[in-house]
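Everything in the sequence shown is counted per the working numbering, starting at 118 for the first residue and increasing by one.
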Amino acid sequence: MKQRIIDFHRDEHGDWVADLECGHGQHVRHDPPWSERPWVVTPQGRERMLGETLACKKCDEELP
Numbered sequence: 118m119k120q121r122i123i124d125f126h127r128d129e130h131g132d133w134v135a136d137l138e139c140g141h142g143q144h145v146r147h148d149p150p151w152s153e154r155p156w157v158v159t160p161q162g163r164e165r166m167l168g169e170t171l172a173c174k175k176c177d178e179e180l181p
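Given below as structure tokens:
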């Protein structure tokens, strides 16, 4: 299920996590060649992504 990004925070390892409107979080790593998300490494890039959607796997699995 697509959910809007409302904020970002870092996890205990320093990786970025997108806070979704449903209350779940999803890691958003820039780790080429596996995941290409160069926007996550700058404050401007993360701000630009606020309001965009990501597929929430936890919502798809109907997890709380």
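Where a beta carbon is used, it is the ideal one built from N, C-alpha and C, also for glycine. Model, not experiment: these values are computed from the prediction.
- Partner residues in a beta bridge of residue 165, as assigned by DSSP, do not exist.
- In the structure shown, residue 124 adopts extended strand secondary structure according to DSSP, grouped into three states.
- Residue 148 and residue 168 have their C-alpha atoms some 23 Å from each other.
- By the Cβ rule, the stretch 149-157 does not count as touching the stretch 171-179, because fewer than three pairs are nearer than 8 Å.
- Going by C-alpha positions, residue 119 is about 15 Å away from residue 145.
- Taking residue 154 as the centre and dropping the five residues before and after it, the same chain places the C-beta of 145, 147 closer than 6 Å to its C-beta, in chain order.
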